[in-house]
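Protein chains in written order, with full-length UniProt numbering: chain W, 1 to 532; chain X, 1 to 532.
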């Protein structure tokens, strides 16, 4: 969930100065229309890591909007009045009326997350609370409310830096308390809990908007633009007020995203490639023959641009396995039988038994990629698909399956080169179609869809691994190594007993490592080298 | 949830013979249209108490419908194939395709309920499973499926009788196994678990349809008619196939319902009334002054026909309390401020602190009564209100509040008498308005709304108490006695520690007792007498 918010987004002063006056004017207009319309309230939740600018953002909203119709509600320890009533009472009485906006600093999420981190609230109880919250928010949205949930994220290092900077500045030093530093110590715990909570409550009707908190200007502009977009979209909606309207996905504020942050120049020389390939193929061959694997199954999901090299990578994996053990499932347009079933049915039918491997060449993510971009399904359908897919992968995990997801990325230029090459080589000609050329024209829309997909479905339990596929050798080795490492840690965890939690932990670790790698790569370091 | 299914519904042979040919023809037509339309599947779950006719009903469906396009899937212990894959795999592969209907004998509910009863699945885990099921069913409905969930209910005595009858009949004796008798022993546990599961999963998009299983003809006719109604409604829906459409509420098959089953002839002589009134008012005065009550709050909700005597009953309750301790909240049309908030907001604002009492003269049930009947809100709104209200009362319970709900019922004739009386007596004239007269004309619609309300919101945690209010003395004493008994058992449970569970248990017991009373009353026994 946090990949996009660890890239080091920044807005320079000049851009900020140019953007803000337009944004403020538009926000005031939209707020005026909201009052005139008077049919729905706007509920803005400001949550996230300490020091990620929650307080500053609320001040910015006050500065930019008409404060007379904006109420802020800060929730810390409950009052006597509140403690003696049901838990949600304090939030009910703080709800903004129709035509108004309310900013919640601290919300119904704060207590459950804190109690869980402190060990006062077990996993099961936490999930029950999240279910209650989902029902509560569904009710709000059904009653017409526009619910915008912001989560401000900082990497651990980012949090330390921010706290130090705030301490130095006399204007903000008072904000940094002993508690702030103590919370840095529980950072990992918070991240794990937050990732879980965000996955559970990332509903189509009230999705989370994760914002990188490092840069003040980027953060303010993002929140301002999201609020504006959502307000405008909702005001323009011709449907009845009591119809749940999904807020828009986060707008692009700058050109930095999880894909552009990839370092596609990474390469592997032929000799090194051969050595590495042999090493990891050998390791994989051992791993799938371990007795422990007889209790698990492995699902490898490949997505990527056309001609990114999915097929080649798959062949390097299967080379290490017995043909009776694995199945490759190429996913193209659904058959008639499949179209007569719910979307995920065509993937469920291929779920492997324990001890077996299923490799999907394109996957259930088609719904939020090709189907979204080509309009094969409605907006409501692909919006709910994120949640459905997360639920689906969660079920697989619960049953002991190990799910590894790869996105293979190449540059437009390299794609063109490969297309042309394919047209020349006769045995590769069948691989290039008119459709491939058409897809290239929509590369902007696909780019956005991929970024949204990674933000919304790279969960602690089931992270995406982004593969720089410009160099085929580099890509294949990274993929094989990832498969081995994930498989190894899952099997080790399985032996320890509590397989589900351990696998979850290791995946979360992988995800963090992966994000770290993205950042490292931006700085020019290759992950393969890192390892050695 | 089970009130309506313990009334002893019966359909005589002649009616059945007359109805069935029409129903069969219509079902075949609808099934043909379903195939032609080909846009959605019909998923029918057959669940419930053993011996309530699950198998027989499936046979009837086969007899009445075109078996070529109807598949039945019986789920018992999973096969090897199934055990080695994720839990839901077996259900996914059994889903009927669009244009077809599938009958599930045993479903995704069976294992969690059984495991919970056997003690293998704790309350928290059970709730997590129910949350997963809700998400799964939401996905099915979003994908266009029509999901009909039947729960066949039998009272404990009814189950024993059925099993004996089946054992005697050589054609059915084979159905009765040792297991069947063993399950009779766990009847109470099953009922408690079922009530909880049905509450948690009674979603607007896939609500439960509870059917009394005692009489074969009644059961078959009900299922057939519900399937027919739902199919016809869904086929006639002009909206896009991917829009969730709520199935209709259970149709009325006969004239017997929770209201008509009440024995309104029950009376209390003046002398007895005075003695009883003094006794229970005294008891109530003691109870609200107990130190234990300082940790709880009491919420009494009154609904009833116009002129049913709510005000008089409330005054008999408040007479036992200190004016500083209670608040009466008369609920009329919402204020402007209240209209600018989600529907339940106006009730949340009046939630009492611990140690206090709130008495609602009309309540949050207005949404499913007057607002439904008068069309003040859309169908989707009052349909989701059942779930929202159950969630709301669950939250109150969790916070230690004791919630007692009364429905006061009088006959049309008695209502007319009281209306006329009110017009005559000057100080009562303000109590009768043109609206009251108008409401009388809609008494049929109100009757249906009240029955649906009781079926859908009388939960184990928060049961309705139906009050025969034809005789004011009888009604007032029944109300006071119920308040005292509920309060006493809740305070006792609270002292024991685990207040929530205990309170839940006692409410479930009350509900069962209440249903028992309804049945008893049909047989001419008064509950007041029962006690003495």
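Glycine included, C-beta positions come from ideal geometry on N, C-alpha and C. Please read these numbers as outputs of a predicted model, since none were measured by experiment.
Check: Rounded C-beta distance between residue 341(W) and residue 97(X)? I'm assuming under 8 Å.
Finding: 6 Å
Check: Taking DSSP as the reference, what is the three-state secondary structure of residue 301(X)?
Finding: strand
Next item on the list: Under 8 Å by Cβ, that's how I've got residue 89(W) and residue 348(X) pegged, so tell me the actual separation to the nearest angstrom.
Entry: 6 Å
Next item on the list: Take residue 402(X) as the anchor and find which of 462(X), 410(X) and 434(X) has the nearest alpha-carbon.
Entry: 462(X)
Item checked: Same chain only: Cβ atoms within 7 Å of residue 471(W), ignoring 5 sequence neighbours per side -> Here the set comprises 266, 267 and 268.
Margin query: If the criterion is Cβ atoms closer than 9 Å, does the pair residue 373(X) and residue 446(X) meet it?
Written below: Taking 9 Å as the Cβ cut-off, residue 373(X) and residue 446(X) qualify as a contacting pair.
Next item on the list: Give the C-beta separation of residue 450(X) and residue 407(X) to the nearest angstrom, bearing in mind that I take them to be a contact with Cβ-Cβ under 8 Å.
Entry: Confirmed, about 7 Å.
Next item on the list: Kindly list, in the order they appear in chain X, the residues whose Cβ is closer than 9 Å to that of residue 87(W).
Entry: Neighbours of residue 87(W) on chain X, chain order: 395, 398 and 399.
Next item on the list: Please report the Cβ distance between residue 326(X) and residue 356(X), rounded to the nearest whole angstrom; I am assuming they are in contact, meaning their Cβ atoms lie under 8 Å.
Entry: 7 Å
Checklist line | Inter-residue Cα distance where the pair is residue 100(X) and residue 36(X) | finding: 10 Å
Checklist line | DSSP state of residue 42(W) mapped onto helix, strand, coil | finding: Strand.
Checklist line | Within chain C, partners of residue 84(W) - CB distance below 7 Å | finding: The structure shown has no chain C; the protein chains it does contain are W and X.
Next item on the list: Could you pull the start and end residues of the beta strand (DSSP E) that residue 27(W) belongs to?
Entry: Per DSSP, residue 27(W) lies in no beta strand (DSSP E); the unbroken alpha helix (DSSP H) holding it starts and ends at 13 to 37.
Checklist line | Per-residue DSSP class, three states only, for residue 527(W) | finding: Confidence in residue 527(W) is poor, its pLDDT being 36 and thus under 50, which makes the residue's placement unreliable; the coordinate value appears in the next sentence. Three-state result, residue 527(W): helix.
Check: Would a check of beta-carbon distances place residue 281(W) closer than 9 Å to chain X?
Finding: no
Item checked: Residue-level contact to chain X via CB, residue 142(W), 9 Å cutoff -> It does; some Cβ of chain X falls within 9 Å.
Margin query: Can you tell me whether residue 275(X) is buried or exposed? The criterion is at least 16 other CB atoms within 10 Å of its CB, across all chains shown.
Written below: By the Cβ neighbour-count rule, residue 275(X) is exposed, with fewer than 16 other Cβ atoms within 10 Å of its own.
Checklist line | Straight-line gap, residue 115(X) to residue 128(X) (C-alpha atoms, nearest Å) | finding: In this structure, the CA atom of residue 115(X) is about 13 Å from the CA atom of residue 128(X).
Note to self: List, in chain order, every chain W residue whose beta-carbon is nearer than 8 Å to that of residue 349(X).
What the structure shows: The contacting residues are 92 and 93.
Margin query: Determine, for residue 325(W), whether the minimum Cβ-Cβ distance to residues of chain X falls below 9 Å.
Written below: no
Notebook entry, point to check: Can you list the beta strand (DSSP E) stretches of 3 or more residues lying completely in the stretch 315 to 374 of chain W, in chain order?
Noted result: 326 to 330 and 357 to 361
Margin query: Nearest by alpha-carbon distance to residue 390(X): which of 460(X), 172(X) and 81(X) is it?
Written below: 460(X)
Notebook entry, point to check: Roughly how many angstroms lie between the CA atoms of residue 414(W) and residue 28(W), to the nearest whole one?
Noted result: 46 Å
Item checked: Same chain, Cβ closer than 7 Å to residue 259(W), five either side skipped, listed in chain order -> 409, 447, 450 and 451
Notebook entry, point to check: Given a limit of 7 Å on CB to CB distance, which residues of the stretch 288 to 313 of chain W reach chain X?
Noted result: none
Notebook entry, point to check: To which residues of the same chain is residue 45(W) closer than 6 Å at the C-beta, ignoring the five residues directly before and after it?
Noted result: 104, 107 and 149
Next item on the list: Below 9 Å between beta carbons is the criterion; list the residues of the stretch 108 to 133 of chain W that meet it against any residue of chain X, in chain order.
Entry: 122, 123, 124, 125, 127, 128, 130, 131 and 132
Checklist line | Alpha carbon of residue 375(X) to alpha carbon of residue 320(X), nearest angstrom | finding: 39 Å
Margin query: Contact defined as beta carbons within less than 8 Å: I believe residue 52(X) pairs with residue 213(X). What is the distance between those atoms, to the nearest angstrom?
Written below: 3 Å
Item checked: Residue(s) in a DSSP beta bridge with residue 467(W) -> Looking at the DSSP assignment, residue 467(W) forms a beta bridge with 408(W).
Notebook entry, point to check: Are there 16 or more other CB atoms within 10 angstroms of the CB of residue 307(W), so buried, or fewer, so exposed?
Noted result: buried
Check: According to the neighbour-count rule (16 or more other Cβ atoms, all chains shown, within 10 Å of its Cβ), is residue 173(W) buried or exposed?
Finding: exposed
Margin query: Less than 8 Å between C-beta atoms, sequence neighbours within five positions excluded: which residues of the same chain meet that for residue 160(W)?
Written below: 184
Check: Going along chain X in order, which residues have a C-beta closer than 8 Å to the C-beta of residue 97(W)?
Finding: 337, 340 and 341
Note to self: Counting only beta-carbon separations shorter than 9 Å, does residue 344(X) have a partner in chain W?
What the structure shows: yes
Check: Since residue 310(X) sits in a beta bridge, which residues does DSSP pair it with?
Finding: BP columns for residue 310(X) are empty, so no partner.
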